[in-house]
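A.B. asks: Quick one: this structure, given as structure tokens, is what I'll be asking you about.
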Amino acid sequence: MTGLKTWAVRYGGLAVLAVIIAVLPGFLRNAYTYDIAINAGFNAIVCVGLNLLVGYAGQISLGHAAFLGLGAYASGILTTRYGWSPLMALAAGAVGVGALAYALAKPVLRLKGHFLAMATLGIGIIIAIVLNTESWLTGGSDGLVVGDFELAGWVLSGEKPWYWVVGGLLLLSVWATRNLIDSPIGRALRALHGSEVGAEVAGIDTARYKVLVFVLSAVMAAVVGSLFAHYANMITPSKAGFMKSIELVTMVVFGGMASTFGAVFGAAVLTVLPQVLTAFEDYETMVLGAIMMGTMIFMPRGLLVTVADAVRGRRQP
Amino acid sequence: MTQLRVSHLSKEFGGIHAIEDLTFNINVGTIHSIIGPNGAGKTTLLNLLTGVYRPTHGRILLYGERVEGMPSHALAVRGMARTFQNLQIFFNMTALENVMVGRHRHLDRRLWHTFLRLPSLIRAEAACRDYCAALMEFVGCGQYIGADASSMPYGALKRLEIARALASGPRLLLLDEPAAGLNSRETAEIDDVIRKTAAEGVTVVLVEHDMKMVMGISDHVLVLNYGRKLAEGTPTEVCADKEVVAAYLGAD
């Protein structure tokens, strides 16, 4: 009897997400709506990774778009200028970003709160400036044209195939992330968020776990960046910039910190909303800002978490 | 056998000697209490022993190995566990998960096993869950196994921290005022938990204000005053010490 309930708790949300991904194309009428859905999916994968860092481990990064951008540029540069295969370029980007994140994490994650926010902000801005100014390599502010993703003669092109690839990857990342959260590693991450000294005396090398989660979330962003470059056939420095970093953190907070589905939900809503709000024309940004302010004032724990708890009838602390 | 050997230990905070030239030993399987007036340096000493602070001078030997200045997590691996006077509970987790964190060093932390949630990991997690639930029963907060830590009352949280410390399978357990803020019935229950733990061969270091508890339970008492050792010995010896009486009741 409890077997079914345990299964529902563990995989219920994943099943719902799978159904949504499966039926959504029935409502997508044209290339434009497919494009929004695909972008929502890309953002969601990055946010699932970022949520591990921000929501679960309680560390902030205001420079995560830089890792996204580095992944994208690694793919763009290695495939167009050096003739690498897209898969090899993606892997190289992921490994390179992982190594960079590892090198940065040790000194940076010793900082806490506002200081960590400032340091990651600085890193993000530096990387964005480098991508912008080293135009002999990156194409500068004009960006870089990138070819399609190819694997063993099979070319990934067009909205519909990309939709299924991104949807599949989103499911995979949510599944793996939820496995991580409910494991000794996941408990270590949540514990160092709850009480760093408490985690230390319980035998958790908190510095090591902070580095691990920082690298993990950076690599997830880099992989998405690589794929995005091939999907859009174009990469510009704005994808690596400060505003994109803020957007990603906002999605995580908006949906609900320390909730994987909250991060997916936040990414989806904040990708779709600006498109819907174009009906307000000049007032679009104001309406978007008001919605975000309202959510944070009335649902500070995030939209999905608050609604889910209300449905379950759990009292808010 | 000497488990912990502390020699000439000192800790300064900007010229203030919180602990000064302290030397003592702790033997295996004993209950060793550290007492003293407020500000005597008891919690500072516990923080030095568990790696939260780094000593200014002196040595700490755990089973003959120098461990002063070692990070807390490295000491935990060597069999040290502790609780805190001002609770360090993970309020973002369930009660049971709090205890399971204590089990960390015994569990599978390989990344690929975790991502794929291999059957071996699932079995180990289930075993860990049962073990930690039993520990919660043992310390007397079994009714909170399904609860969020944030919904538990103070007395239950103190027990939860003891359960988390025990989950690591310690050889040396340091308790910082486990009875503070508890009523006499709860104190008696904590007393019972400490006795049972020591009976299983775990060395207990107890910082406590409740003299009735300290005198009844301890094999050995160390009295601190202004960061220095005032007296040391069995509870009876310490009670008879003129300086101890003067420090507690005020000299005439």
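Protein chains in written order, with the numbering used here: chain A, 551 to 867; chain B, 862 to 1113. Beta carbons are placed, not taken as given, at the ideal position from N, Cα and C, and that holds for glycine.
(1) Within 10 angstroms of its Cβ, does LYS555 of chain A collect 16 or more other Cβ (buried), or is it exposed?
(2) Given a cut-off of 8 Å, decide if VAL715 of chain A and MET784 of chain A are closer than it, judged by their beta-carbon atoms.
(3) Please state whether DSSP places GLU873 of chain B in a helix, a strand or coil.
(4) Residues of the region 734–754 of chain A with a CB closer than 8 Å to any CB of chain B: list them in chain order, please.
(5) Quick one, which residues of the region 1020–1042 of chain B are near chain A if we go by CB-CB under 7 Å, in chain order?
(6) List, in order along the chain, the chain B residues whose C-beta lies closer than 9 Å to that of ALA808 of chain A?
(7) Please state if the CB of GLU1069 of chain B and the CB of GLU1093 of chain B are separated by a distance shorter than 8 Å.
(8) Identify each residue in the region 618–646 of chain A for which the Cβ-Cβ distance to at least one residue of chain B is less than 8 Å, and report them in chain order.
(9) Is the Cβ of THR904 of chain B closer than 8 Å to any Cβ of chain A?
(10) Below 8 Å between beta carbons: does that hold for ASP1080 of chain B and HIS893 of chain B?
(11) What's the gap between the Cα of HIS780 of chain A and the Cα of GLY621 of chain A?
(12) Roughly how many angstroms separate the alpha carbons of ILE1006 of chain B and MET1013 of chain B, rounded to a whole number?
(13) Have a look at the DSSP bridge pairing and note the partners of SER868 of chain B.
(14) Pick helix, strand or coil for LYS662 of chain A, following the three-state DSSP scheme.
(15) Going along chain A, which residues have a C-beta under 9 Å from ILE950 of chain B?
(16) For MET551 of chain A, which of helix, strand or coil comes out of DSSP?
(17) Could you tell me which whole beta strand (DSSP E) segments of length 3 or greater appear in the region 691–774 of chain A?
(18) Are VAL747 of chain A and GLN949 of chain B closer than 8 Å when you measure CB to CB?
(19) Going by DSSP, what residue range makes up the alpha helix (DSSP H) through SER894 of chain B?
(20) Going by beta-carbon coordinates alone, are LYS710 of chain A and TYR623 of chain A separated by less than 8 Å?
(21) At which residues does the alpha helix (DSSP H) containing GLY844 of chain A begin and terminate?
(22) Please check if any C-beta of chain A sits within less than 8 Å of the C-beta of ARG943 of chain B.
(23) For LEU972 of chain B, which option in A:THR810, A:LEU730, A:LEU574, A:GLY599 has the closest C-alpha, if you only look at C-alpha atoms?
(24) Check whether the Cβ atoms of ARG943 of chain B and ALA1040 of chain B lie closer than 8 Å to each other.
(25) Does the separation of the CB atoms of MET941 of chain B and LEU1033 of chain B fall below 8 Å?
(26) When DSSP labels each residue in this structure, what does ARG964 of chain B get in the three-state scheme?
(27) In the DSSP output, which residue or residues are listed as bridge partners for PHE885 of chain B?
(28) Rounded C-beta distance between ALA565 of chain A and LEU574 of chain A? I'm assuming under 8 Å.
(29) Which stretch, first to last residue, makes up the beta strand (DSSP E) that contains ASP1037 of chain B?
(30) Could you tell me whether the Cβ atoms of LYS794 of chain A and LEU687 of chain A are closer together than 8 Å?
(31) Is it right to say SER611 of chain A is buried, meaning 16 or more other beta carbons lie within 10 angstroms of its own, or is it exposed?
(32) Confirm, please, whether the CB-CB distance from ALA655 of chain A to VAL761 of chain A is below 8 Å.
(33) Taking ILE675 of chain A as the reference, which of A:TYR759, A:GLY791, A:GLY736 has the closest Cα?
(34) Closer than 7 Å between beta carbons: that is the criterion. Which residues of the region 705–726 of chain A meet it against chain B?
(35) Under three-state DSSP, which class holds GLU1061 of chain B?
(36) So does the region 1061–1068 of chain B actually touch the region 1093–1105 of chain B, counting three or more Cβ pairs closer than 8 Å?
C.D. replies: Judging by the given coordinates:
(1) Residue environment: LYS555 of chain A is assigned as exposed (fewer than 16 neighbouring CB atoms within 10 Å of its CB, all protein chains considered).
(2) No.
(3) If DSSP states are grouped into helix, strand and coil, GLU873 of chain B belongs with the strands.
(4) Within the region 734–754 of chain A, the qualifying residues are PRO734, ILE735, GLY736, ARG737, ALA738, ARG740, ALA741, HIS743, GLY744, SER745, VAL747, GLY748, ALA749, GLU750, VAL751, ALA752, GLY753, ILE754.
(5) Hits within the stretch, in order: ARG1025, SER1029.
(6) Simply ASN953.
(7) No.
(8) The residues in question: there are none.
(9) No, no contact with chain A.
(10) Judged by their CB atoms, ASP1080 of chain B and HIS893 of chain B are nearer to each other than the 8 Å cut-off.
(11) Between the alpha carbons of HIS780 of chain A and GLY621 of chain A lies a distance of about 11 Å.
(12) Rounded to whole angstroms, the separation of the alpha carbons of MET1013 of chain B and ILE1006 of chain B is 10 Å.
(13) Note: SER868 of chain B sits in a beta bridge opposite B:ARG920.
(14) Of the three classes helix, strand and coil, the one that applies to LYS662 of chain A here is coil, per DSSP.
(15) Using a Cβ-Cβ cut-off of 9 Å, ILE950 of chain B is close to GLY744, SER745, GLY748 of chain A, given in chain order.
(16) Unreliable placement is indicated for MET551 of chain A, whose pLDDT of 46 sits below 50; no coordinate value is reported for it.
(17) Here the runs fully enclosed are 699–701, 704–706.
(18) Cβ distance < 8 Å, so VAL747 of chain A and GLN949 of chain B count as in contact.
(19) For SER894 of chain B, no alpha helix (DSSP H) segment is defined; the enclosing uninterrupted segment is the beta strand (DSSP E) at 892–896.
(20) The Cβ atoms of LYS710 of chain A and TYR623 of chain A lie no closer than 8 Å to each other.
(21) Following the DSSP letters along the chain, one finds GLY844 of chain A inside the alpha helix (DSSP H) bounded by residues 834–848.
(22) Yes, its Cβ sits closer than 8 Å to a Cβ of chain A.
(23) Selected option, being the one with the closest Cα: A:LEU730.
(24) Result no, Cβ atoms of ARG943 of chain B and ALA1040 of chain B do not sit closer than 8 Å.
(25) Yes, they are a contact pair.
(26) Coil, per DSSP.
(27) Under DSSP, PHE885 of chain B shares a beta bridge with B:VAL867.
(28) Not a contact, Cβ separation roughly 15 Å.
(29) Counting along the chain, the beta strand (DSSP E) containing ASP1037 of chain B begins and ends at 1033–1037.
(30) The Cβ-Cβ distance between LYS794 of chain A and LEU687 of chain A does not fall below 8 Å.
(31) The residue is buried, with at least 16 neighbouring Cβ atoms inside 10 Å.
(32) Contact flag set, yes.
(33) Among A:TYR759, A:GLY791, A:GLY736, the Cα nearest to that of ILE675 of chain A is on A:GLY791.
(34) So the close ones are ALA726.
(35) Here GLU1061 of chain B sits in coil by DSSP.
(36) Touching, no.
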